[in-house]
Amino acid sequence: MQIHETAFVVSTYRSLHESISKDDYAKLWNNPNTDALIPSILDTISKDEAVLHSIRNRFFYERMKSFFDINDGGTLINFGSGFSMYQFSFDNTVNTIEIDKKDIIDYKKEKIDNWTKEGKLPNRNIEYTAIDFNQNTAKEILLCLKPMIKKEPTFILIEGVFFFLDRKTTDKLFQVFKGLQNPGDVVGCVTYLPEVENTEVYRRLLHYFDSNNDTNDSFSHQTIPHSYFQRIDGYSVLEKTDEFELSKRYASNRGINNKNEILNETMYLLKRI
Ligand SMILES: C[S@@+](CC[C@H](N)C(=O)[O-])C[C@H]1O[C@@H](n2cnc3c(N)ncnc32)[C@H](O)[C@@H]1O
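Residue numbering for the sequence shown follows our numbering, beginning at 2 and increasing consecutively.
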C-alpha cells in the first residue's frame, strides 16, 4: 500500500461510522479501489479499525470546534491533511491551510473546487500547499506557511502522520509549529506509544504494511513515548487521551473491552506557552 492510499482508507473508515466521526462529507472520497481493500484490513489486522479512526476524528472535531467557537474563528493548519474534511463542518470564520504531498494536494484541491461549484460542499477559505516533510528544511516550511496565516489563533493538526515519519523529521516539525504559533495556540497530534509494539495487533499492522508494500514507498514505523511530549520546547501538555478511553463514550456498544486487542492510538493536545 502506498502512503497516500492510507488517506483514502481512513477517509472511508470515517464514512462507515458517520454518527461517531461526525464527518458527513468523508463519503465523497469513497471509491471502489479503497472499498476493495477495507475487508481484508479489518479481517487481517483488527475489526475495530474503522470505529477507532472515527472516534479519533470525533475527538479532534469536538476539540477544534470548541477552540474556534471560543475564539470566533481562526486558522486550522492541517499537516498531512489527506482527505480530512473538518473545515466543512466548522463555521466559515475558520480558514484552513492544507499541507500534504503534491499528489494528494493537487487531487484534493481539484475535487474540492468541483464539489463546491456543484453545491455539494459549503464555501470555505482554504489554501493548499504541497510540502514533503522529509525533504524541506524547517526554515523553508516556515517561510512558505507563515504568510498564509491570515487569521489567528491557530490550531495545528497532525493526525495519522507521525507513524510514517522518523524522529528527526518529527523534531523538525515541532520547531516549525513553534515558529508558526503564539502563546495559547494549540497542536493536536496522534501517536502510538511504544508499549503498543508489544501487542499482537500492532505486529499484524506491520506485517500488513510489509506484505502489501509493492511500491517501495518506504516509511518509518515510529512510536513516541509520553516523555517526548512532556519535553517539547515551547509546549505543555493540555490533554492526553486514547481511543480505548474514548470508545467508552463514543462507541460503548461495540464490545471494545481490551486495550491490548485494539490498535490503540494516543491523542495529545499541546498548548503553545
Ligand atoms: C493515514 S493518512 C492521514 C490523513 C489525515 N490526516 C487523516 O487523518 O485523515 C497520512 C497522511 O500523511 C501524509 N504524509 C505522510 N508522510 C508525509 C511527508 N513526508 N510529507 C507530507 N505528508 C506526508 C500522507 O500523504 C497522508 O495524506
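No residue lacks a Cβ here, since even glycine has one placed at the ideal position from N, Cα and C.
Its Cα nearest to that of residue 20, the residue 252 stands out among 274, 78, 266, 252. Distances between the C-beta of residue 266 and the heavy atoms of ligand 1 are all 7 Å or more. Excluding the 5 residues flanking it on each side, residue 142 has same chain C-beta neighbours closer than 7 Å at 132, 177, in chain order.
Burial state of residue 155 is buried, judged by a 10 Å Cβ sphere holding 16 or more other Cβ atoms. Rounded to whole angstroms, residue 193 and residue 162 show a C-alpha spacing of 11 Å.
Excluding the 5 residues flanking it on each side, residue 243 has same chain C-beta neighbours closer than 6 Å at 265, 267, in chain order.
Exclusion of residue 37 from the 7 Å shell around ligand 1 follows from its C-beta lying no nearer than that to any non-hydrogen atom of the ligand.
DSSP, reduced to helix, strand and coil, places residue 53 within a helical segment of the structure shown. For residue 189, the uninterrupted beta strand (DSSP E) run begins and ends at 187 to 192, by DSSP. When C-alpha distances from residue 89 are compared across 72, 114, 182, 51, the shortest belongs to 114. Taking a contact to require three or more Cβ pairs closer than 8 Å, the segment 231 to 243 and the segment 38 to 49 do not qualify as touching. Judged by DSSP in its simplified three-state form, residue 270 adopts strand. The DSSP-derived three-state label of residue 153 is coil. Residue state for residue 131 is assigned as strand, using DSSP reduced to three classes. Here residue 120 carries a coil assignment [DSSP, helix/strand/coil]. Looking at the backbone, the Cα of residue 153 and that of residue 74 are separated by about 8 Å. Rounded to the nearest whole angstrom, the C-alpha separation of residue 228 and residue 85 is 28 Å.
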